[in-house]
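*Asks:*
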Amino acid sequence: MVDRSIFLNISPLDHRYSLSEKPVFDALLPWLSEEASINACVKCEIALVNAHLQNKAIGAGFKPALQDRLSFNDIQINPAEIYAEEEKTKHNIRALVNVLKQKVPADIAPLVHLGATSVDILDTSLAYRMKGVTREVLLPLLRHLENELCDFAEREADTPQVGRTHGQHAVPITVGFAIAEYVSRLGKSIIEIEKLSNNLKGKLAGATGSYNATSMIVKDPEELERLYLAELGLEASEHSTQLVEPEYLLRLLLECNLAFGIIANLADDLRHLQRSEIGELREGFAAEQVGSSTMPQKRNPWNSEHVKSLWKAFMPRVITFYMDQISEHQRDLSNSASQRFVAEYITGFCFAINRMTGVIEGLGVDRERLMVNLRGSRKEEGGSRKGMQGGVLAEPAYILLAESGVSDAHEVIRKITLKAEKENLAFAEALATNTDALQRITTQMKKLGIIKEEKEALEWFHHPERYCGLAAKKATELARKYKN
5 MVDRSIFLNI SPLDHRYSLS EKPVFDALLP WLSEEASINA CVKCEIALVN AHLQNKAIGA
65 GFKPALQDRL SFNDIQINPA EIYAEEEKTK HNIRALVNVL KQKVPADIAP LVHLGATSVD
125 ILDTSLAYRM KGVTREVLLP LLRHLENELC DFAEREADTP QVGRTHGQHA VPITVGFAIA
185 EYVSRLGKSI IEIEKLSNNL KGKLAGATGS YNATSMIVKD PEELERLYLA ELGLEASEHS
245 TQLVEPEYLL RLLLECNLAF GIIANLADDL RHLQRSEIGE LREGFAAEQV GSSTMPQKRN
305 PWNSEHVKSL WKAFMPRVIT FYMDQISEHQ RDLSNSASQR FVAEYITGFC FAINRMTGVI
365 EGLGVDRERL MVNLRGSRKE EGGSRKGMQG GVLAEPAYIL LAESGVSDAH EVIRKITLKA
425 EKENLAFAEA LATNTDALQR ITTQMKKLGI IKEEKEALEW FHHPERYCGL AAKKATELAR
485 KYKN
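For the sequence shown, this note's numbering puts the final residue at 488, and the numbers step up evenly by one.
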């Protein structure tokens, strides 16, 4: 085959991202490239030969000289040879078998593909590759990202931040607590991906899955299947048609899609927290990096945006995964083309994981801006209202007032917030104008040990960072749990 410039490839995965994500791309090649696909099929054919040799139940009069094992390393097959043969056969596995028979010792050649149908090789080789790429590339990338998230969550466990619901300021949390959400969500998904990858299955059950062909070779076709799959580190599907039950692979891909969505959600949160009007976090920015071709001051959150963009490109492919679940009767060919693109999905997912890991490794925290946003600000003279200072503490004021026995405490505090907004007061100042409510709240605070003296009550309402509940504790616990 003629080599060509990578810039003559059509897929961005094979030019743009093979350069920008080169270490990840190189790690994926032994599992997801077309050469890897062909090599995996060759390994399956060799595993079948070795299963026959190990079984020692080959027909009378056929005694191959090779009594040990056939090794993949002893056989050199160029993918171009397979493609050239396929031009004649119009069948990829028959082409591979024809070429392989010429590469093995002559007395072994009859054992190549003996008792197998194409999908015994294709589905088994796909399971072998997907298990391998998940364990060797995908899971290490996910674990690296998870560890970075754990470190960040623990490091920033006590860093106060305003919580946000519906895009509005809510009650205080901490930066570590916000990241711990993703530690927990992604951590559970990683555990599930590992479990599902270990549950991928293969087969040697023949054209309809009923072991017709191998029943003509051995007394125990299921034992031959077990020997074949053991060579590849796999087990047999409980029931096969010509195909392995599709749900084994489907469940793995669906869990990957869930993890992809978690990472995209994180990317979106980080992107918004870098907005000019928020400015609480900041992606790392190289010394010579440019944010805009026309605005020199720009520092865009482009890596977070890139992760979300990859998710947009690859997430919809889950529809195809579902569609590949369906096959008529014992088999049709409606998934023969679509299933080839699973490799692209895994590649895009790995690129997104790696990019997000880089974001977290270089993520900066602006503590001054965090406090400004948390405490809020008053309306500037002649300007627009930027938020009520200390307004995020309306909730504890309401809770404490209700605990004192006031049934309409929520309405009392709501009116105090309206007064603060109308008169451009800090929440604590507006609260001080309602002496009855303040006294009740102060009494409750002393009972709970929040304050020791009455004069400390109003001061407490000037410091929303003191009202973070269990945010720091949860952040630390989750970070340590998933890191361990």
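C-beta: ideal position from N, C-alpha, C; glycine also.
Let's see if you can read the secondary structure: which residues bound the alpha helix (DSSP H) around Arg303?
*Replies:* It is not in any alpha helix (DSSP H) - Arg303 carries neither H nor E in the DSSP assignment.
*Asks:* To the nearest angstrom, report how far apart Ser297 and Arg133 are at their CA atoms.
*Replies:* Note that Ser297 has pLDDT 45, beneath the 50 cutoff, so the model's placement of it is unreliable and the number below is only indicative. Roughly 42 Å between the two C-alpha positions.
*Asks:* Could you tell me if Gly366 is buried or exposed, where buried requires 16 or more neighbouring beta carbons within 10 angstroms of its beta carbon?
*Replies:* Burial call: exposed.
*Asks:* DSSP on Leu285, reduced to helix/strand/coil?
*Replies:* Note: Leu285 maps to strand in three-state DSSP.
*Asks:* Could you compute how far the alpha carbon of Asn13 sits from the alpha carbon of Ser22?
*Replies:* Cα to Cα, Asn13 sits roughly 11 Å from Ser22.
*Asks:* Give me the residue from Phe431, Leu337, Cys472 and Leu482 with the minimum Cα distance to Ala461.
*Replies:* Taking only the C-alpha atoms, the option nearest Ala461 is Phe431.
*Asks:* With DSSP run on the structure shown, which of helix, strand or coil describes Lys105?
*Replies:* Helix, per DSSP.
*Asks:* Kindly identify the DSSP beta-bridge partner or partners of Ile86.
*Replies:* Looking at the DSSP assignment, Ile86 forms no beta bridge with any residue, so it has no partner.
*Asks:* To the nearest whole angstrom, what separates the beta carbons of Ala483 and Cys154, a pair I think is in contact under 8 Å?
*Replies:* Indeed they touch by this definition, with Cβ atoms about 4 Å apart.
*Asks:* Start and end of the alpha helix (DSSP H) containing Arg159?
*Replies:* Run containing Arg159: Leu143 to Arg159, per the alpha helix (DSSP H) assignment.
*Asks:* Please list, in chain order, all residues of the same chain as Ala317 whose beta carbon is under 6 Å from its beta carbon, the five residues on each side excluded.
*Replies:* Excluding sequence neighbours, Ala317 sits near nothing in its chain.
*Asks:* Assign Pro320 to buried or exposed, taking buried as 16 or more other Cβ atoms, counted over all protein chains shown, within 10 Å of its Cβ.
*Replies:* Per the 10 Å Cβ criterion, exposed.
*Asks:* Measuring alpha carbon to alpha carbon, tell me which residue in Glu158, Val46, Ile81 and Leu142 is nearest Leu30.
*Replies:* Note that residue 30 is Asp in the sequence shown, not Leu. Nearest option by C-alpha distance: Leu142.
*Asks:* Rounded to whole angstroms, what is the Cα-Cα separation between Glu152 and Pro83?
*Replies:* Near 39 Å, if we compare the C-alpha coordinates of Pro83 and Glu152.
*Asks:* Buried or exposed: Pro27, going by 16 or more other Cβ atoms within 10 Å of its Cβ?
*Replies:* Exposed is the call here.
*Asks:* Taking the alpha-carbon positions, what's the Glu309 to Lys94 distance?
*Replies:* If I take the Cα positions, the gap works out to 44 Å.
*Asks:* Within 10 angstroms of its Cβ, does Pro164 collect 16 or more other Cβ (buried), or is it exposed?
*Replies:* Buried, by the Cβ-count rule.
*Asks:* Per DSSP, which one or two residues make a beta bridge with Lys205?
*Replies:* Per DSSP, Glu239.
*Asks:* For Arg168, does the three-state DSSP call read helix, strand or coil?
*Replies:* Note: Arg168 maps to strand in three-state DSSP.
*Asks:* Write down the C-beta distance between Ala55 and Glu235 rounded to the nearest angstrom, noting that I regard them as a contact closer than 8 Å.
*Replies:* Contact flag correct, Cβ pair sits at about 7 Å.
*Asks:* At what residues does the alpha helix (DSSP H) containing Thr128 begin and finish?
*Replies:* Per DSSP, Thr128 belongs to the alpha helix (DSSP H) from Ser122 to Val137.
*Asks:* Starting from Pro524, trace the alpha helix (DSSP H) in both directions and tell me its first and last residue.
*Replies:* The displayed coordinates of the chain run from 5 to 488. Any statement about residue 524 would go beyond what the structure contains.
*Asks:* Can you tell me which of the three DSSP states Glu481 falls into?
*Replies:* DSSP places Glu481 in helix when its eight states are reduced to three.
*Asks:* Rounded to a whole number of angstroms, what is the C-alpha to C-alpha distance between Leu17 and Tyr186?
*Replies:* Approximately 27 Å, taken between the alpha carbons.
*Asks:* If the criterion is Cβ atoms closer than 9 Å, does the pair Leu190 and Ala263 meet it?
*Replies:* For Leu190 and Ala263, yes; Cβs fall inside 9 Å.
*Asks:* Assuming Ile267 and Ala356 are in contact, meaning their beta carbons sit under 8 Å apart, how far apart are those beta carbons, in whole angstroms?
*Replies:* With 8 Å as the limit, Ile267 and Ala356 qualify as a contact, their Cβ atoms being about 6 Å apart.
*Asks:* If I follow the unbroken alpha helix (DSSP H) through Leu52, where does it start and stop?
*Replies:* Its alpha helix (DSSP H) spans residues Glu38 to Asn59.
*Asks:* Quick check on DSSP: helix, strand or coil for Pro176?
*Replies:* Looking at Pro176 - three-state DSSP - the assignment turns out to be strand.
*Asks:* Do the CB positions of Glu227 and Asn488 come within less than 9 Å of each other?
*Replies:* In this structure, Asn488 does not lie closer than 9 Å to Glu227 by Cβ.
*Asks:* Using CA atoms only, rank isn't needed, just tell me which of Ser244, His243 and Glu229 is closest to Gly237.
*Replies:* Taking only the C-alpha atoms, the option nearest Gly237 is Glu229.
*Asks:* Judging by CA-CA distance, which residue of Asp124, Ile86, Ile221 and Ala441 is the nearest neighbour of Val410?
*Replies:* It is Ala441.
*Asks:* Cα separation between Leu130 and Leu100?
*Replies:* Taking the straight line joining both Cα atoms gives about 16 Å.
*Asks:* Please list, in chain order, all residues of the same chain as Ser122 whose beta carbon is under 6 Å from its beta carbon, the five residues on each side excluded.
*Replies:* Contacts found: Ile97.
*Asks:* Once you ignore the five residues that flank Ser388 on each side, which residues in its own chain have a CB closer than 8 Å to its CB?
*Replies:* A caution first: Ser388 carries a pLDDT of 48, below 50, which makes its placement in the model unreliable, though a value can still be read off. Excluding positions up to five away in sequence, the list is empty.
*Asks:* Let me make sure I understand the geometry here. Which of Ile330, Val311 and Gly368 has the alpha-carbon closest to that of Gly352?
*Replies:* The shortest C-alpha separation from Gly352 is found at Val311.
*Asks:* Tell whether a beta-carbon distance below 9 Å holds between Thr245 and Ser331.
*Replies:* The answer is yes: Cβ separation under 9 Å.
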